[in-house]
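Reviewing the structure listed below.
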Amino acid sequence: MTPPAPILCIGSVLWDIVGRSDRAMKAGHDVPGRIIRIPGGVAMNIAMALRAHDVPVSLLTALGDDAAGRELLMESTARGMETAFVHVSKQFPTDQYMAIEGSNGLIAAIADAHSLEEQADAVIAPLSDGRLGTKDDPFEGLVVCEGNLPSVTLDYISTAAEFRAADIRLAPASPGKAERLKPFVGHRHATAYVNLIEANILLNTKLDSAAEAASQLAATGLYRAVVTDGPNAAAVADASGTLSQTPPAVKVLRVTGAGDVFMASHIVAESRGLTGADALDFALDHTSKYISTETPL
Numbered sequence: 001m002t003p004p005a006p007i008l009c010i011g012s013v014l015w016d017i018v019g020r021s022d023r024a025m026k027a028g029h030d031v032p033g034r035i036i037r038i039p040g041g042v043a044m045n046i047a048m049a050l051r052a053h054d055v056p057v058s059l060l061t062a063l064g065d066d067a068a069g070r071e072l073l074m075e076s077t078a079r080g081m082e083t084a085f086v087h088v089s090k091q092f093p094t095d096q097y098m099a100i101e102g103s104n105g106l107i108a109a110i111a112d113a114h115s116l117e118e119q120a121d122a123v124i125a126p127l128s129d130g131r132l133g134t135k136d137d138p139f140e141g142l143v144v145c146e147g148n149l150p151s152v153t154l155d156y157i158s159t160a161a162e163f164r165a166a167d168i169r170l171a172p173a174s175p176g177k178a179e180r181l182k183p184f185v186g187h188r189h190a191t192a193y194v195n196l197i198e199a200n201i202l203l204n205t206k207l208d209s210a211a212e213a214a215s216q217l218a219a220t221g222l223y224r225a226v227v228t229d230g231p232n233a234a235a236v237a238d239a240s241g242t243l244s245q246t247p248p249a250v251k252v253l254r255v256t257g258a259g260d261v262f263m264a265s266h267i268v269a270e271s272r273g274l275t276g277a278d279a280l281d282f283a284l285d286h287t288s289k290y291i292s293t294e295t296p297l
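In UniProt numbering, the protein residues as written are 1 to 297.
Laid out in structure tokens, this is it:
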């Protein structure tokens, strides 16, 4: 039997520096807690969650030729990810992310993905130069694209011939970068995984539920929309209709990376033959387990 082709995870691979406290926080607070440094970035988070279920993954990203980048390459290889197509730069450093989380959720975060943005052309080059595909013989597998890629690159991917046969899965990275995915609204081969805030940004609306948002995104011609809303019901919509499911109630211990775990878990569910409500339940269950424990991916 021919093994499944690796899923291409295109985007940010960096180090997450996350400070967590079990106390509720506001801007200016100084509280005790824990600070950890773990592999992160949207593309990396999704790749790690996929590999946790033994799904083959290939990373397309930019790393610096520095200690941080070399360590990330070693970590990726140790987790069974293909890194042959990673662009390593002597000009730019490895990106990084910093977040502060309290018991009331994410307080603040800064994503320094400038190196990825500056080298995005080199990151996606394997899909056009023959290493993974060309314009005449495009890659036909599943491709994860995320909002840390620059707008011009995402706009290109949405219409480029070398992506025309791909099953494109979209992650916005954050509400602040959700607008970068607007070129994919109405895209017939793309599935968007967004939260309600991000869905409203894409639609220029103020909808109150994930079901409404998913339905309206699907109505644009987008192949499928998957919308979450924290502890409230999540929804999936496509041309066949809309379905929703409320996630399990859990005590939230972390939030960074939760959306990435949800997206990866939904992809895993589909790879196992689950569809519709079953795939959504699988993703919600695994995400609830993730946010209610501090165990690394």
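Every residue, glycine too, gets a C-beta built ideally from N, C-alpha and C. Note that the structure is predicted; figures quoted are calculated from it, not measured.
Item, Value
"Residue closest to P6, alpha-carbon to alpha-carbon, out of I35, P32, M98 and L60", "L60"
"R23 - DSSP class collapsed to helix/strand/coil", "coil"
"Rounded straight-line distance, which links the Cα of L243 to that of D65", "46 Å"
"Distance CB(V13)-CB(L72) smaller than 8 Å", "yes"
"Limits of the unbroken beta strand (DSSP E) element including L60", "V57 to L60"
"Same chain, Cβ closer than 6 Å to I216, neighbours up to 5 away in sequence not counted", "First, the amino acid is wrong: residue 216 is Gln here, not Ile. The residues are L203."
"Exposed unless 16 or more other CB atoms sit within 10 angstroms - verdict on G69", "buried"
"Under the three-state DSSP convention, the category A235 falls into", "strand"
"Inside the stretch 143-181 only - alpha helix (DSSP H) runs reaching at least 4 residues", "151-159"
"Those residues which DSSP pairs with Q245 across a bridge", "A234"
"Contact check, V226 vs Y193, beta carbons under 8 Å", "yes"
"Backbone secondary structure at Q96 - three-state DSSP", "strand"
"Local conformation of N200 per DSSP, three classes", "helix"
"The stretch 168-175 touching the stretch 141-148, judged by at least three CB pairs closer than 8 Å", "yes"
"Buried or exposed (CB count within 10 angstroms, at least 16 for buried), D16", "buried"
"Cα-Cα separation between A120 and E162, rounded to whole angstroms", "15 Å"
"As assigned by DSSP and simplified to three states, the class of E294", "coil"
"T228 burial status per 10 Å Cβ neighbour count (16 or more: buried)", "buried"
"CA-to-CA distance, T94 to S115, given in whole angstroms", "7 Å"
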